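Taken in sequence, the protein lines are chains A and B.
Read in order, the letters of the first sequence correspond to residues 1 to 351 in this note's numbering.
Read in order, the letters of the second sequence correspond to residues 352 to 702 in this note's numbering.
Here a beta-carbon is modelled for each residue, glycine too, at the ideal position from N, C-alpha and C.
Keep in mind that this is a model prediction, so the values were computed, not measured.
Data block below; observations after.
There are 2 protein chains.
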Amino acid sequence: MSRVTLKDVAARAGVSYQTVSKVLNGRAQVTEETHQRIWDAVRELDYRPNISARNLRKQASNLIGYPLHYGGDDFVHPVLDAFLHSIANAAEADGFHILTFAAADPRDPSPYRELYYRNQVGGFILADVNRNDPRVEMLIEQSIPFTAFGRANDEWDYHWVDVDGRTGMRQVVEHLLAQGHERIALITWPGGSRTGSARENGYRLALQSAGLLLDAELIVRGLNAARTGREAFQQLWRLPAERRPTAVACVSDLIALGVLHAANGAGLVVGAELAITGFDDVTLTAYTQPPLTTVRQPIAEVGEATVAMVLGQILEREQPEKGILLPPQLIIRGSSMRGTAVEAAGARPST
Amino acid sequence: MSRVTLKDVAARAGVSYQTVSKVLNGRAQVTEETHQRIWDAVRELDYRPNISARNLRKQASNLIGYPLHYGGDDFVHPVLDAFLHSIANAAEADGFHILTFAAADPRDPSPYRELYYRNQVGGFILADVNRNDPRVEMLIEQSIPFTAFGRANDEWDYHWVDVDGRTGMRQVVEHLLAQGHERIALITWPGGSRTGSARENGYRLALQSAGLLLDAELIVRGLNAARTGREAFQQLWRLPAERRPTAVACVSDLIALGVLHAANGAGLVVGAELAITGFDDVTLTAYTQPPLTTVRQPIAEVGEATVAMVLGQILEREQPEKGILLPPQLIIRGSSMRGTAVEAAGARPST
DNA sequence: TGAGCTAAGGCGAACGTTCGCGCGAACGTT
DNA sequence: AACGTTCGCGCGAACGTTCGCCTTAGCTCA
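Below, the structure written as C-alpha cells:
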C-alpha cells in the first residue's frame, strides 16, 4: 500500500515531518517559500495521508455506519437505495465515507455498539426506524452520535430528518376529492407504524376538511406487500356496490401495485372506473398500466440533511435544530385521472 | 469512544499488555489459568480492540471499497442492491466491512487510487464493469486487489465472478421455442457491452440448434430503459404481419417492462398473443400484468464468491481460480405462457 | 552439578499521524 | 545597546496495536 509518508515528504522538502503535517492541515506558520517547497514535494512524491494513523491519533473515525436490513424474502426498498447514494455523496464532501454493515436482525443494537466501540465508525445513520426502536434507545442512552431518517416516537429526544407524510397523504386525498371522489379507501400498515399514522392522519384531515365522514370499513390494514393490496381490493369489492370506494389511496407503491394488479385482473379500467394512488415514487411506478399517481419523497435533500446532522454531532459543530421535516411532492399520473387513462398510458413519466 | 485498551485489561489480569494481545489473537504461550484471567478481564471490562490502531500496525485495512454509480436519471438497479447486501454479509464473516463510495463518473479511476493509497481500503469489489473498463485497467496495472462482478474483455487477466448469461438466454429462447414460437425477437443493448454479447450469443445458439435462421430485423438495440422496450415494440409492430415476431426476448427486465406496457397499451393479450421475457428477476416483475418470465441471477452466491476472491488476494491466500462462472435460473411466469395468462396473473410469484 | 532445553510471558520497537510547547533568529521598540 | 515580541520551525510525546526477540524459572539428563 502507500509507502510515501510525511517523513519522505519532509526529507525532500528539507523540513521536519511535523511541519509538513501542519502545512497540509493549514495550521502552518511558514514562509511562502517553504510552503511551496512542501507542496511541491507532496505532488512529486504523490503523498497521501494514512487514514488509520490519522484516525488513531485523533481518536476518531472518518466513517459513518449505515445498516443494511435485508428485506430478504420479497422486496428491496428502492427509496433506501437512493438514500444510500445520497448520503455517500454528502459525506464525501466532508472527507467522510459510509460503512455499510449487514444488520440481520433490525432490532438488535449490538452490531452498532461493536462498530462504535472498536472506533471503526464515528456515528450512524439509520433509515426506516420503527416505533420505539430499540436501536435508537440504545444509541441515545450511550450518547453515540447518530441521525435517523424517520422518528421512533414523539417523546425521545434525538436528531432526525423526516418527510411530512401527513401533508403528502393529505395532498393525495385532496387531489382525489378534486376529481370528484367521495368514497375514498385507505390501505395502510398495521397500527404501530409511526409513518403509517402520519399518512393516516393526512387522510383523516383531508376528509374532515372536506366535511366528509370517515367510514371505518374503507380502511384496510396489512403488511407492506403487493398481496396486501390484492387482498384489500378483494375485500373492498365484496361490499355492496353503493358502499364500494371509487378511489383507493395506499401508503406505499408496493401495496398500490397489488391493488392495480387485482383491479386490472377484475377487468376494471383503472383511472376511469377506479382511482388508485401509491406513495414513495418507486421508479417503476411510472411504467405500470396505467402509470401510478404517487408522492415523491425528496430523497437527495433528506440525505444531505441527515449527513449534515450526524456530522454536526461528530465534529461537535453548532446544531441549528434537532429535527427537520421536509415536504414531499404529489406526482399525478394516469391511475387517478378520470378521462385520460388511455393517453396517459403511452406518455413518458412526468418529472 | 472506546476507553478500554489492552493496558487496562492487562492491569486487571496482572500481565503485560502485549501478552493480552497475544492471547486474544490466539498466538499465546500461556497457562490455562492466565488464559482464563485474561478472558475474564476482557469480559468484565467489555474490551474491544481499536481498529485504527490495528490497521495502522498491520499496514492493512479491514475495509473493501464498493463504488456506487448513481443511475440518477432513471433507474437504480435492484440486482446491485441485492449484491451489496450479499457482499456486506459475506465480508463480515471474515471481519471485513464494505465501504461504499460515490463514483460520480464511472470511468474515472482516481477515487479508487485515493482510497487505496490512503490505506482506507484493502481492495475493491466492482459491479457492472464495462468493456475495456479503465478502472479495471488501472487496478490491474497498480496491482491493487480487486474482484469484479462481470468481465471487461477476454484478454485482461484478473479476478472475476460472472453469471453465465449465454446459457441463461439460451434457456429463455429454448423455452420459447418449446412453446411453439418461431419468430423470436431480441431486444438488447448497443454493441460493446460484454454482458449483452453473451446474452445475444445465447440467443443465436438456441436458434441455430433449432435449425432456425437468424433474422436481422428481429434484433433491436437501445439503452437500458423502459422506453427502449416501448420503441422497440412499436418498431416491430410496424412490420407486415407475417414478419412480426410472436415472442420478444429482452436482455433486461426494465426493457421487458417497456415492451409489456406497450403491448398492453396496444390491446394485445400478453402470453397468448405475444410472449415477452425479461432478464434479472427484478422483484417487481412478479407483479406485472401478466407476471414476467425472466432469468434469475444467483446474487447471493455471486456475492459470496466475489468476497472470497478479493479476500484471497488481500490476505494472500491460495486462489483456486481467477474466474468463476455461475449458472442462472429460468423463472417461467405468465408472460410467456400461451393459455395460462389469466390464472398465472393471480398466482404468487414462483420461487 | 552443570549444561541444555522448553514453557511462560516480558520488553522494546514500530506503524504514521497530530498537537502543544519550545527555541533561536530577526525584528521593532525604548 | 539592551530588551521584548513575533515569526518560523523543530522536537517530544502519544494514540493502541502487533511482532519478534529476550529473559527467567523449572525441568531433564548425562
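Please report the distance separating the alpha-carbon of residue i from that of residue j.
i                  : j                  : result
Arg-464 of chain B : Tyr-66 of chain A  : 24 Å
Ala-249 of chain A : Ile-187 of chain A : 6 Å
Trp-594 of chain B : Arg-534 of chain B : A quick correction: the sequence has Arg, not Trp, at residue 594 of chain B. Using only the alpha carbons, I get a separation of about 8 Å.
Ala-503 of chain B : Leu-605 of chain B : 23 Å
Ala-262 of chain A : Arg-405 of chain B : 57 Å
Trp-237 of chain A : Met-520 of chain B : 41 Å
Gln-493 of chain B : Asp-515 of chain B : 29 Å
Leu-99 of chain A  : Thr-645 of chain B : 33 Å
Leu-176 of chain A : Gly-271 of chain A : 11 Å
Arg-388 of chain B : Arg-354 of chain B : 20 Å
Leu-260 of chain A : Leu-115 of chain A : 43 Å
Gln-380 of chain B : Ala-361 of chain B : 16 Å
His-181 of chain A : Ile-276 of chain A : 11 Å
Ala-60 of chain A  : Phe-124 of chain A : 13 Å
Ala-104 of chain A : Val-42 of chain A  : 44 Å
Lys-409 of chain B : Tyr-117 of chain A : 19 Å
Ala-592 of chain B : Leu-431 of chain B : 39 Å
Val-295 of chain B : Leu-63 of chain A  : The structure shown does not extend to residue 295 of chain B, since chain B is modelled only from 352 through 702, so no value can be given for it.
Ser-461 of chain B : Leu-558 of chain B : 44 Å
Met-660 of chain B : Val-472 of chain B : 15 Å
Arg-27 of chain A  : Arg-333 of chain A : 56 Å
Pro-496 of chain B : Glu-667 of chain B : 10 Å
Gly-229 of chain A : Gln-235 of chain A : 10 Å
Give the residues of chain A in contact with residue i, contact being defined as C-beta atoms less than 7 Å apart.
i                  : result
Pro-400 of chain B : Arg-118
Glu-443 of chain B : Phe-101 and Ala-102
Ala-577 of chain B : Tyr-287
How would you call residue i, buried or exposed, if buried means at least 16 neighbouring beta carbons within 10 angstroms?
i                  : result
Val-620 of chain B : exposed
Arg-48 of chain A  : buried
Glu-200 of chain A : buried
His-386 of chain B : exposed
Asp-73 of chain A  : Low per-residue confidence applies at Asp-73 of chain A: pLDDT is 42, beneath 50, and the placement is therefore not dependable, though the value from the model is reported in the following sentence. With fewer than 16 Cβ atoms within 10 Å of its Cβ, Asp-73 of chain A is classed as exposed.
Leu-223 of chain A : exposed
Asp-133 of chain A : buried
Asp-281 of chain A : buried
Ser-603 of chain B : buried
Asn-376 of chain B : exposed
Leu-56 of chain A  : buried
Gly-654 of chain B : buried
Asp-108 of chain A : exposed
Pro-327 of chain A : exposed
Tell me whether residue i sits in a helix, a strand or coil according to DSSP, three-state version.
i                  : result
Val-42 of chain A  : helix
Arg-572 of chain B : strand
Phe-233 of chain A : helix
Val-210 of chain A : The identity of residue 210 of chain A in the sequence shown is Ala, whereas the question assumes Val. Ala-210 of chain A: coil per DSSP, three-state reduction.
Arg-647 of chain B : strand
Ala-275 of chain A : strand
Gln-289 of chain A : coil
Gly-323 of chain A : strand
Thr-147 of chain A : strand
Ile-332 of chain A : coil
Asp-280 of chain A : strand
Residue i versus chain B: which residues are under 8 Å apart at the beta carbon?
i                  : result
Leu-68 of chain A  : Leu-435, His-436 and Ala-439
Tyr-112 of chain A : Under the 8 Å cutoff, chain B gives no residues; its nearest Cβ is about 12 Å from Tyr-112 of chain A.
Asn-25 of chain A  : Within chain B, no residue comes near Asn-25 of chain A; the closest Cβ sits about 15 Å away, beyond 8 Å.
Asn-55 of chain A  : Ser-403
So with CB distances below 9 Å, who are the chain A contacts of residue i?
i                  : result
Gln-640 of chain B : Leu-260, His-261, Asn-264, Gly-265, Thr-288 and Gln-289
What does residue i touch in chain A if you count any residue whose Cβ is under 8 Å from its own?
i                  : result
Asn-483 of chain B : Correct list: empty, because the minimum Cβ distance to chain A is about 25 Å.
Ile-449 of chain B : Leu-99, Thr-100 and Phe-101
Leu-608 of chain B : Leu-284 and Tyr-287
Strictly below 9 Å CB to CB, what residues from chain B border residue i?
i                 : result
Glu-32 of chain A : The contacting residues do not exist; Glu-32 of chain A stays about 28 Å from chain B at best.
Legend entry - alpha helix (DSSP H) runs wholly inside the stretch 586 to 621 of chain B, at least 4 long, in chain order: Secondary structure remark: continuous alpha helix (DSSP H) runs of at least 4 residues inside the stretch 586 to 621 of chain B, in chain order: 604 to 616.
Legend entry - Contiguous alpha helix (DSSP H) assignments of at least 4 residues, all confined to the stretch 103 to 136 of chain A: 110 to 117
Inset, instruction - Mind listing, in chain order, the continuous beta strand (DSSP E) runs of no fewer than 3 residues lying wholly within the stretch 56 to 99 of chain A? - result: List check, beta strand (DSSP E) in window: 63 to 68.
Inset, instruction - Any chance you could list the beta strand (DSSP E) runs of at least 3 consecutive residues sitting entirely within the stretch 501 to 567 of chain B, in chain order? - result: Considered as a whole, the stretch 501 to 567 of chain B harbours 511 to 514 and 535 to 539 as its complete beta strand (DSSP E) runs of no fewer than 3 residues, in chain order.
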